[in-house]
Structures are given as C-alpha cells and as structure tokens.
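A.B. asks: So for the sequence shown, numbering that gives the first Met the number 0 puts the first residue at 0; every next one is plus one.
The C-beta atom is built at its ideal place from N, Cα and C for all residues, glycine as well.
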Amino acid sequence: MSDASPIPLAIHGAAGRLGAAVLRLALASPACSVVGATVSPRSNQLGRPLGGEGALSYCEGLDPSVMPAQTVVLELSRVEALPAHAQQAATEGWPLVVGVTGLDGASEAALAAAAEQIPVLLAPNFSLGIALLKRLAQVAAEALGPEFDGAILDVHHRHKVDAPSGTARALAEALEGAGRTVPIVSQRVGEVVGDHTLVFAGPGERFELRHQAEDRTLFARGALAAVTFLRGQGPGTYTMDDVLAARGGKAAAP
Ligand SMILES: NC(=O)c1ccc[n+]([C@@H]2O[C@H](COP(=O)([O-])OP(=O)(O)OC[C@H]3O[C@@H](n4cnc5c(N)ncnc54)[C@H](OP(=O)(O)O)[C@@H]3O)[C@@H](O)[C@H]2O)c1
Numbered sequence: 000m001s002d003a004s005p006i007p008l009a010i011h012g013a014a015g016r017l018g019a020a021v022l023r024l025a026l027a028s029p030a031c032s033v034v035g036a037t038v039s040p041r042s043n044q045l046g047r048p049l050g051g052e053g054a055l056s057y058c059e060g061l062d063p064s065v066m067p068a069q070t071v072v073l074e075l076s077r078v079e080a081l082p083a084h085a086q087q088a089a090t091e092g093w094p095l096v097v098g099v100t101g102l103d104g105a106s107e108a109a110l111a112a113a114a115e116q117i118p119v120l121l122a123p124n125f126s127l128g129i130a131l132l133k134r135l136a137q138v139a140a141e142a143l144g145p146e147f148d149g150a151i152l153d154v155h156h157r158h159k160v161d162a163p164s165g166t167a168r169a170l171a172e173a174l175e176g177a178g179r180t181v182p183i184v185s186q187r188v189g190e191v192v193g194d195h196t197l198v199f200a201g202p203g204e205r206f207e208l209r210h211q212a213e214d215r216t217l218f219a220r221g222a223l224a225a226v227t228f229l230r231g232q233g234p235g236t237y238t239m240d241d242v243l244a245a246r247g248g249k250a251a252a253p
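1) Just to confirm the assignment: which complete alpha helix (DSSP H) runs, minimum length 4, are found wholly within the region 116-200?
2) Give the range of the beta strand (DSSP E) segment to which residue 33 is assigned.
3) How is residue 253 classed by DSSP in three states: helix, strand or coil?
4) Which residues share a DSSP beta bridge with residue 205?
5) Indicate the three-state DSSP secondary structure (helix, strand or coil) for residue 18 in the structure shown.
6) Shortest alpha-carbon distance to residue 12 belongs to which of 95, 37, 215, 205?
7) Run through DSSP, which three-state label would residue 9 get?
8) Please classify residue 118 as buried or exposed, where buried requires at least 16 other C-beta atoms within 10 Å of its C-beta.
9) Let's test the definition: count the other Cβ atoms within 10 Å of the Cβ of residue 56 and tell me whether it reaches 16, buried, or not, exposed.
10) Decide if residue 4 is buried, meaning its Cβ has at least 16 other Cβ atoms within 10 Å, or exposed.
11) For residue 74, report the span of its alpha helix (DSSP H) as first-last.
12) Please classify residue 78: does DSSP put it in a helix, a strand, or coil?
13) For a test of the three-state rule: what should DSSP assign to residue 240, helix, strand or coil?
14) So, with DSSP's three-state summary, where would you put residue 3?
15) With distances taken between CB atoms, is the gap from residue 167 to residue 153 smaller than 7 Å?
16) Mark residue 60 as exposed unless 16 or more other C-beta atoms lie within 10 angstroms of its C-beta, in which case mark it buried.
17) Is any non-hydrogen atom of ligand 1 found closer than 6 Å to the C-beta of residue 301, if you look at the structure I gave you?
18) By the three-class DSSP mapping on this structure, what secondary structure does residue 235 have?
19) Measuring alpha carbon to alpha carbon, tell me which of 76, 101, 133, 48 ends up nearest residue 161.
20) Helix, strand or coil for residue 105 per DSSP?
21) Measure the alpha-carbon distance for residue 219 versus residue 134 and round it to whole angstroms.
22) Round the Cβ separation of residue 222 and residue 98 to the nearest angstrom and send it over; I've been treating them as touching at under 8 Å.
23) Mind checking which residues open and close the beta strand (DSSP E) that includes residue 61?
24) So does residue 125 have its beta carbon nearer than 6 Å to some heavy atom of ligand 1?
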C-alpha cells in the first residue's frame, strides 16, 4: 500500500530559479512538508524565513539531528556542491533526487557511490513530456535506420551555465544507442525556459519532434513527482523514465 503521509522534503539551492519554483509549490502542497532549504553561503536569503506555515529559515546546510527519518533530498544547487550533498544523503539514508545538470566526473562518482546505499534519481529534465520525447526518439531512430541522420537543437535562456543541456546529451545518447552520431547545436538566448528539437533527415524527407517548456512550474511539478516516486524505493539509480512508467506508461525498451 502506498504511503499517503506528507513527504519530509529538503531542497538544496532553494533560492535559485528552479529551487524557488519548487519551494513555492512544495510549501503549498499537502503532499510535502518542507524540512530544510539550503542556499549558498553568499546568499542574502540566508537566515530569512521560508514563508509558509512553518518556522523554518533558509540555511547553509542540512543538520541531520533535526531532519525527520524519511526525508527526501532534492538537489537543485550547483554541480560543485553535489559530491558533498550526495555523500551526506548516503550517510544519512536520505533518498536523493538530482535535478542539477552538467555533471562532472567527481559528481558522477559521488552519485554512483551513493546509489549503492540509497535510491538516487537523476533527472536532467523533470518534464514528463521530455521523458516521452526520449522514448519517441528511440522508436523513430530504430524505425528509420541509418539512412536518416539525426540532429538536436537545444535553446535555453542566457543564464544557463552548461551547454549542451543535460537533456540534449541524454537525447543524443538515446539516439546514438540506436546506431548513429547525433550533433547538438546549443543556443543561449534571452529568457527561453527550454526548447529541444530533434530533427531526422533522410532521402527526400525530414521531420521534427519538438518539446517546449513554457513555464518553470513544469519542472517544479515534475520534481515533486520524482520525489513522490522515490520515497520507498530501494538503493539504485532511477530516471524520469521510471516515474513515467510508474504513472501507467509502458517502460521504454532497454
Ligand atoms: N532537471 C530539470 O528539469 C532542470 C530544469 C531547470 C534547471 N535545471 C538545472 O538545475 C540547476 C539549477 O538551475 P537554476 O536555473 O535554478 O540555477 P540558479 O538560479 O543558479 O540556482 C542555483 C542556486 O544554488 C545556489 N547554490 C550554490 N552553491 C550552493 C550550495 N553549496 N548549497 C546550496 N545552494 C547553493 C546558488 O547560489 P549562488 O548564485 O549564490 O551561487 C543558486 O541560488 C542547474 O544545473 C540547471 O541546469 C534542471
């Protein structure tokens, strides 16, 4: 039977663009209870109240002595902070949802080590539409065969640190697994929330699969869906594909 009690949720990077959107949604959601919200040591939010009904303030780190046992941690800060956060989550037995993108060797190693002890969900994109796009891309690539070239266009706002996006990389990996090399073109312009276009071009024809994120609350909703999914899972690595499958969609072909 599924546990319907509110999920104790701690958010790293709670004052960032994505973190603030998730925090707003989590504070308003009966499905979660926010038990921690970290910001960078430089943040002018440090020590300020989070809002909502509780008496919590933004803090610099999570204190295990005050975290409930079933806490789920959402990592939305920066890749540099990730190894320490992953190590703490593994030590404390807190399931970890990672929304940060542009992972480097140190963070990948820390996450792989953590996944031996706790459930870790890696989501370079919290959109369920993107999870579906990835499946459709695999189906198209396999059906079309090597006569069709693939390419990915990744357009994001000018503040985005990494290029190509984590989503574009994941889509390229999915397509390359089906036997082709896929170039990625990245543009960082204005305030675009996130567009990904897959182009397939073959003899005499061309078609596109496109996803446009219109509003950051899309990612916030997906992040909370990932948190809900991860509660109660065993150690290991999960993705938004597992969240999509758990909602009734068929699992992607391996
Ligand atoms: N998975 C998805 O669907 C999705 C969607 C959008 C974005 N993202 C990714 O999520 C990450 C955050 O994106 P964003 O647009 O929200 O960036 P952002 O606005 O720069 O937010 C990151 C926040 O983390 C803070 N931070 C830095 N070090 C920290 C630490 N040690 N502890 C706690 N907080 C710390 C930063 O503070 P300072 O500015 O003071 O350093 C900043 O407020 C990026 O990797 C982005 O690519 C993922």
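C.D. replies: Let me spell this out:
1) Within the region 116-200, the complete alpha helix (DSSP H) runs of at least 4 residues are 127-143, 165-175.
2) In the sequence shown, counting from the first residue as 1, residue 33 sits at position 34. 31-37 is the span of the beta strand (DSSP E), which, as asked, contains residue 33.
3) Taking the sequence shown and counting its residues from 1, one reaches residue 253 at position 254. Only weak support is given to the placement of residue 253: the predicted model assigns it a pLDDT of 35, under 50, and the value that follows is read from those uncertain coordinates. The answer is coil: DSSP assigns residue 253 none of H, G, I, E or B.
4) Taking the sequence shown and counting its residues from 1, the one referred to as residue 205 is at position 206. When beta bridges are read from the DSSP output, residue 205 appears opposite 200.
5) Within the sequence shown, residue 18 is the residue found at index 19, counting from 1. If DSSP states are grouped into helix, strand and coil, residue 18 belongs with the helices.
6) Position 13 of the sequence shown holds residue 12. With distances taken between Cα atoms, residue 12 lies closest to 37.
7) Locating residue 9 in the sequence shown gives position 10, counting from the first residue. Residue 9: strand per DSSP, three-state reduction.
8) Within the sequence shown, numbered from 1, the residue matching residue 118 stands at position 119. Residue environment analysis places residue 118 among the buried positions, since at least 16 neighbouring C-beta atoms fall within 10 angstroms of its C-beta.
9) Numbered from its first residue, the sequence shown carries residue 56 at position 57. An exposed status is given to residue 56, since fewer than 16 other beta-carbon atoms sit within 10 Å of its beta-carbon.
10) Position 5 of the sequence shown holds residue 4. That one is exposed.
11) Position 75 of the sequence shown, counting from 1, holds the residue named residue 74. Unbroken run through residue 74 is the beta strand (DSSP E), 71-74; no alpha helix (DSSP H).
12) The residue you call residue 78 lines up with position 79 of the sequence shown. The answer is helix: DSSP assigns residue 78 an H, G or I state.
13) Position 241 of the sequence shown holds residue 240. It is helical.
14) For the purposes of this step, residue 3 is taken as the residue at position 4 of the sequence shown. Note: residue 3 maps to coil in three-state DSSP.
15) Position 168 of the sequence shown, counted from the first residue, corresponds to residue 167. Position 154 of the sequence shown, counted from the first residue, corresponds to residue 153. Taking 7 Å as the cut-off, the Cβ atoms of residue 167 and residue 153 count as close.
16) Within the sequence shown, the letter at position 61 stands for residue 60. So residue 60 ends up on the exposed side.
17) The structure shown does not extend to residue 301, since the chain spans only 0 to 253, so no value can be given for it.
18) Taking the sequence shown and counting its residues from 1, one reaches residue 235 at position 236. For residue 235, the three-state secondary structure derived from DSSP is strand.
19) Your numbering for residue 161 matches position 162 in the sequence shown. For residue 161, the nearest C-alpha among the options comes from 101.
20) As a position in the sequence shown, residue 105 is number 106, starting the count at 1. Helix at residue 105.
21) As a position in the sequence shown, residue 219 is number 220, starting the count at 1. As a position in the sequence shown, residue 134 is number 135, starting the count at 1. Roughly 22 Å separates the two Cα atoms.
22) Residue 222 sits at position 223 when you count from the first residue of the sequence shown. Residue 98 sits at position 99 when you count from the first residue of the sequence shown. Contact holds; Cβ gap of about 6 Å.
23) The residue labelled residue 61 in the question sits at position 62 within the sequence shown. No beta strand (DSSP E) contains residue 61, which DSSP labels as neither H nor E.
24) The residue you call residue 125 lines up with position 126 of the sequence shown. Answer for residue 125: yes, Cβ within range of ligand 1.
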